[in-house]
Amino acid sequence: MSTPIKKDVEEFIKRISNKQKWPKIDTFLIVSLMRIAGKAYDAGTVDGRVSAVIIYHQIVEEFLVHLLKLSNLYIQAKIWPSRLDLEISNKLMFGQILKEHKRSIKFNGKDVLLLKCERFNTTRIEYVHRLLKFKSDEERVTRSAEINNDYYEIIDLYLEGRKDIEDRLNDLSHHIDWNEIEKNI
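First residue of the sequence shown: 925, per my numbering; consecutive thereafter.
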């Protein structure tokens, strides 16, 4: 019979040693939303640009949470057998997610990613709150370009950071004898 601790350890070992059990994002949904946002943005209309900005925000937030989850798994694996409760609240706002990242591990492109995300968030908030204050629809459309540019740079930085953390997790999972650990529980 397995004790609760042994079961917990077995579950963690299965999770860290199997890439399929690492934190994921719903790639199909993200790609679908990216297409919708891209078409909306490319339409060049006010409603298209506003829609794109809203979707961009949700995608960037999802990317940041995913990187946090991967980082937390790496931390947990690195400090094993010690444990930390690294749960991420579903109620965190964008700025709070950025703060969590500042307290987490370094990864390739992290500093630039966080700067871009801070700028993206500030520009997005300013854009949305000024919608009624812009002098023309043309200005509303033009001002969304900065958000669009930051969004695409953030995607590249997310992919770079994700690859770095996943490579580290992969290295870690291959350099630890999980069977030996499981035997000694």
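The C-beta atom is built at its ideal place from N, Cα and C for all residues, glycine as well.
Could you pull out every residue in the same chain whose Cβ sits closer than 6 Å to the Cβ of residue i, ignoring the five residues on either side in sequence?
i, result
"A976", "A961, A964 and Y965"
"S1097", "I940 and S941"
"V974", "none"
What would DSSP say about residue i, mapped onto helix, strand or coil?
i, result
"E985", "helix"
"F1031", "coil"
"T951", "helix"
"K1057", "coil"
"N996", "helix"
Hey, how far is the Cα of residue i from the Cα of residue j?
i, j, result
"E1084", "E934", "31 Å"
"F1058", "T1046", "17 Å"
"L1056", "G972", "16 Å"
"Y1075", "K930", "44 Å"
"D932", "L1022", "30 Å"
"V989", "H1025", "9 Å"
Could you name the residues of the same chain whose beta carbon sits closer than 8 Å to that of residue i, not counting the 5 residues immediately before and after it, in chain order?
i, result
"L994", "W946, P947, R1086, I1089, E1090 and L1093"
"N1032", "E1084, G1085, K1087 and D1088"
If residue i sits next to residue j, beta carbons under 8 Å apart, how far is it from one beta carbon to the other, in whole angstroms?
i, j, result
"F1044", "I1078", "6 Å"
Tell me the residue span of the alpha helix (DSSP H) that contains residue i.
i, result
"K1015", "Neither: K1015 is in no alpha helix (DSSP H) and is coded neither H nor E."
"G1085", "D1061 to H1099"
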